[in-house]
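Heads up: the structure comes next, in structure tokens.
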Amino acid sequence: MRPLDLTLEGFRSYADRARFDWRGRRLVGIVGPIGSGKSTILDGIAFALYGKTPAITRGTHALIHQQRDAAQVQMTFRVEGGTWQVTRAIRRKGAGQHLLAPFDEASNTADQGRAVTGERAVNERIERLLGLDFSAFQRSILLAQGRFQEFLQATPTDRDKVLRGVFGLDRIEAMHAVAREREREARADADQAARQIAALTEARERIAQAELALAAIESVSVLGVFQASPAVRRALAGRTV
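Sequential numbering of the sequence shown, starting at 320, is according to the numbering used here.
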């Protein structure tokens, strides 16, 4: 995920509208004295994507600037497969707004006709786009102050879960599981076909043996007639005369 621009208004320390444009920049540093709003920018990114921040996951009214009745955060970001613009607005009174729309960088416009609306729907779509839930995001992409040491001290299981989410290993493992299941089914089909072929081969062999046995019986029957007792031969000879 690559953020392209971020707009904050009435959000935490930004009472007035502030826009940050990172297009064309490979590396961005956020510097400034204490209290200048550096952390608010990172909180704005987190809030735009997940509707919450590392410090405030509930009661988001606390994110509204004390001199404002509403706050709005809008961010355009690029992920594999496309560019999106997310807009979230919260109010001290009344319902908020959550909207995610495909964004055309050429025309610099969002496709409102294909927008996803509603907090839950937007959250779920963004999680699918990023392949990370909020917990994995803040542990790997957005490490809050003092959290890096926490990541290093996390259990191997927790670190493994985070890294799997970051690199998309869960999806790869799911694909491997599907491939292994299909391989198992193919092997089972092949084994069944082999058993059927073996059964047919055995049946052919039995038929061949039966035909040989029948031919032998017929040969023995004919030979037995000619090897019968002289009286029988004379009787047969008399009948033919």
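Cβ coordinates follow ideal geometry from the N, Cα and C atoms, glycine included.
- Under the 10 Å beta carbon count, Q393 is surrounded by 16 or more other beta carbons and is classified as buried.
- Within the DSSP bridge table, the entry for F396 names P322, W403 as partners.
- Take the alpha-carbon of T395 and the one of R503: they are about 44 Å apart.
- The beta carbon of Q416 lies closer than 6 Å to those of A408 in the same chain, with the five residues before and after it left out.
- Judged by their CB atoms, K357 and I364 are not nearer to each other than the 9 Å cut-off.
- From the listed residues L323, G413, R458, R444, the smallest Cα separation to R344 is found for L323.
- With a minimum length of 4 residues, the unbroken runs of alpha helix (DSSP H) contained wholly in the segment 366–454 fall at 438–449.
- In this structure, DSSP gives A473 a state outside helix and strand, which the three-state scheme calls coil.
- Between L419 and A434, the C-beta gap is smaller than 9 Å, which places the two residues in contact.
- In this structure the segment 326–333 lies against the segment 384–393, because at least three pairs of beta carbons, one per stretch, are closer than 8 Å.
- Looking at the backbone, the Cα of G351 and that of R331 are separated by about 16 Å.
- Residue R411 holds the alpha-carbon nearest to the alpha-carbon of Q385 among A455, A513, P421, R411.
- Taking all protein chains in view, the Cβ of T372 is crowded by 16 or more other Cβ atoms within 10 Å, so the residue is classified as buried.
- Cα atoms of A493 and L531: separation of roughly 57 Å, rounded to the nearest angstrom.
- Around the beta carbon of A535, fewer than 16 other beta carbons sit within 10 angstroms, so the residue counts as exposed.
- One Cα belongs to T379, the other to D423, and the distance between them is close to 30 Å.
- When only Cα atoms are considered, F453 and E446 end up about 8 Å apart.
- Contact check for V398 against M320 passes: the beta carbons are separated by less than 9 Å.
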